[in-house]
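Per the working numbering, the sequence shown runs over residues 75 to 310. Ideal Cβ placement from N, Cα and C applies to all residues, glycine included. As the structure is a prediction and not an experimental result, all values here were calculated from the model. Everything on this sheet refers to the single structure shown next.
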Amino acid sequence: MDDLEWATSKRPDWAQKQNTSTYETKMGWYARQVDTEVYGEYLKGESGRVLDLPCGTGRFLRLIEAEHQRFQPIGADYSPNMMTIAQRTTTSPLVRCDGFFLPFQPQSFDVVLCTRLVFHYHAPLDLFHSFHRILRPGGVLAFDSLNRLSLRHLLAAPFNTVRPTQGKQLWFASFAQVQGLLSDCGFQVEQRTSRYILPTRAYRFLAKFLIRFLATVEPAVPESRRVLSYWKVRKV
Numbered sequence: 075m076d077d078l079e080w081a082t083s084k085r086p087d088w089a090q091k092q093n094t095s096t097y098e099t100k101m102g103w104y105a106r107q108v109d110t111e112v113y114g115e116y117l118k119g120e121s122g123r124v125l126d127l128p129c130g131t132g133r134f135l136r137l138i139e140a141e142h143q144r145f146q147p148i149g150a151d152y153s154p155n156m157m158t159i160a161q162r163t164t165t166s167p168l169v170r171c172d173g174f175f176l177p178f179q180p181q182s183f184d185v186v187l188c189t190r191l192v193f194h195y196h197a198p199l200d201l202f203h204s205f206h207r208i209l210r211p212g213g214v215l216a217f218d219s220l221n222r223l224s225l226r227h228l229l230a231a232p233f234n235t236v237r238p239t240q241g242k243q244l245w246f247a248s249f250a251q252v253q254g255l256l257s258d259c260g261f262q263v264e265q266r267t268s269r270y271i272l273p274t275r276a277y278r279f280l281a282k283f284l285i286r287f288l289a290t291v292e293p294a295v296p297e298s299r300r301v302l303s304y305w306k307v308r309k310v
């Protein structure tokens, strides 16, 4: 797989992804809690058809389904194994597809929720264009990115030396880079929230008092040096 292909299309290995039933456990309770708080805040005041991609095991679909008077959710994922897990715990329609080639009509969604995906591609411009196409004018895209100046970025170098393929390396970007791509695709940034001092999965190995301590000192750390940024952007 050459640089252009892995940067602008699906990850073929995701179709055979195993151990999907433990995905949420590997994230850790704290990361799941932060995700729920931030995206829950971003969805306040929004309504209509929601595309959750990748829906994974259905954790956000379950939350959106609880707001059935406001939202009509649809889940999508490239991994059949993930979708099998999601089918057991959600009632939403599920579609297997590639985020770069979405099988939906233009302007057919009010919200696109895209968690833990964008930073797997070094050229997410086409992914943003794909989301822009299916969103109605004024529609919302919520996603996350990895920050270039964070501790997680410093740790990425040794990890990348042992990764079997380039396509599994992560994309770290500055706020300016992400905003530039979004602007080029016709999105306006509405909110951005940066969290975590340590890599997100490290928190699942920490005692609760240490997590509470890190959460307390986190506001003193510059946003650009925190690990993950959540974005809420609106189609212009």
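Hey, could you find the ends of the alpha helix (DSSP H) Q253 is sitting in? 249 to 259 is the span of the alpha helix (DSSP H), which, as asked, contains Q253.
Nearest by alpha-carbon distance to K118: which of Y270, P154, Q265 is it? Among Y270, P154, Q265, the Cα nearest to that of K118 belongs to Q265.
CB-CB length for L168 against C129, believed under 8 Å: For a cut-off of 8 Å, the C-beta gap from L168 to C129 is around 7 Å, short enough to register as a contact.
Quick check on W305: does DSSP put it in helix, strand or coil? Of the three classes helix, strand and coil, the one that applies to W305 here is strand, per DSSP.
Going by CA-CA distance only, name the one from S121, N221, R226, F193 that's closest to S182. Comparing Cα-Cα distances from S182 to each of S121, N221, R226, F193, the minimum goes to S121.
Unbroken beta strand (DSSP E) run spanning I148, endpoints: Its beta strand (DSSP E) spans residues 145 to 151.
Could you check if A250 is buried or exposed, using at least 16 other CB atoms within 10 Å of its CB as the buried criterion? By the 10 Å Cβ count, A250 comes out exposed.
So, helix, strand or coil for D184, using DSSP? Note: D184 maps to strand in three-state DSSP.
Pairs of beta-carbons, one from the region 126 to 144 and one from the region 187 to 196, closer than 8 Å: are there three or more? Flag = yes, the region 126 to 144 and the region 187 to 196 touch.
Along the chain, where does the alpha helix (DSSP H) containing A160 start, and where does it finish? That run of the alpha helix (DSSP H) goes 154 to 163.
To the nearest angstrom, report how far apart R162 and L135 are at their CA atoms. Each residue's Cα considered, the two are about 12 Å apart.
S204 lies in the alpha helix (DSSP H); which residues open and close that run? That run of the alpha helix (DSSP H) goes 199 to 208.
For L201, which residues of its own chain have a beta-carbon under 7 Å away from its beta-carbon, when the five flanking residues on both sides are left out? For L201, the CB contacts under 7 Å within the same chain, skipping 5 residues up- and downstream, are G173, F174, V192, Y195 in chain order.
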